[in-house]
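Asks: My structure is below; once you've seen it, I'll send some questions.
There are 2 protein chains.
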Amino acid sequence: MIATLTQEQRAAALAELPEWTVVAEPDGISRRFVFSDFVAAFGFMTRVAILAEKADHHPEWSNVYNRVDIVLTTHDAGGLSQRDVDLAHAINSLLE
Amino acid sequence: MIATLTQEQRAAALAELPEWTVVAEPDGISRRFVFSDFVAAFGFMTRVAILAEKADHHPEWSNVYNRVDIVLTTHDAGGLSQRDVDLAHAINSLLE
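Those protein sequence lines, which keep their order, are chains A and B. Under the working numbering, the residue at position 26 of the first sequence is numbered 26, and the numbers go up by one with no gaps. Under the working numbering, the residue at position 53 of the second sequence is numbered 53, and the numbers go up by one with no gaps.
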């Protein structure tokens, strides 16, 4: 069983992820990414897909042309867990 | 400018796409695809992405683990067009 973050852990984690927004349903974090076109957006999604599969932790995400919306939450925990925080940092690193 | 389908064209097209459901917002068609796991689902998405880019017509779609939801609509036309019908058939063909 994976645990959700405590309030202290959560606050500390979110402070280091200023690009991500807390969402309520499901309890998690989200970020919108905008690229130049569909190929750039889907190329990014492919990189995220490989990261996610390696981490065995998968996003809830959608794409419309050059836009990718990612929500990270941990169903097994019923909310935000360290897995989401780790994947968010890994996704951020793709864009550096 | 791309035209939406007439009522007759629309009825004929939908009759040949029984796996797709009409959606209202946006006016278009949708289909849910369920696979064995994330790798299978994302592999399918990659094939759809290449089809879509070749057709210069892109889906609105989302993925959660082994599930892919695709909506096809034509923003430039303000609704369902022949482009959506053609892409739906091409997507169906991937699964044959």
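Where a beta carbon is used, it is the ideal one built from N, C-alpha and C, also for glycine. In this text, all values refer to a predicted model and were calculated from it rather than measured experimentally.
1. Helix, strand or coil for A:N66 per DSSP?
2. In terms of residue numbering, what span does the alpha helix (DSSP H) encompassing A:L93 cover?
3. How big is the Cα-Cα spacing for B:A12 and B:H89?
4. Alpha carbon to alpha carbon, how far is B:R32 from A:H120? Give it in angstroms, no decimals.
5. Would you say B:T46 faces chain A, with C-beta separation under 8 angstroms as the test?
6. What residues from chain B crowd round A:S81, counting only those whose CB sits closer than 7 angstroms?
7. By DSSP, does B:G43 sit in helix, in strand, or in coil?
Replies: So, from the listed chains and residues:
1. Looking up residue 66 of chain A in the first sequence gives position 66. Three-state DSSP puts A:N66 in coil, outside helix and strand.
2. Here the question's residue 93 of chain A lines up with position 93 in the first sequence. Before going on, a small fix: residue 93 of chain A reads as Ser here, not Leu. Its alpha helix (DSSP H) spans residues 82-94.
3. Start at 1 with the first residue of the second sequence, and residue 12 of chain B comes out as number 12. Start at 1 with the first residue of the second sequence, and residue 89 of chain B comes out as number 89. For B:A12 and B:H89, the distance between alpha carbons rounds to 13 angstroms.
4. The structure shown has nothing for residue 120 of chain A, since chain A only spans 1 to 96.
5. As a working note, residue 46 of chain B is residue 46 in the second sequence. Closer than 8 angstroms: yes.
6. By 1-based counting over the first sequence, the position of residue 81 of chain A is 81. In chain order: nothing, as chain B lies at least about 16 angstroms away.
7. The residue labelled residue 43 of chain B in the question sits at position 43 within the second sequence. Three-state DSSP puts B:G43 in a helix.
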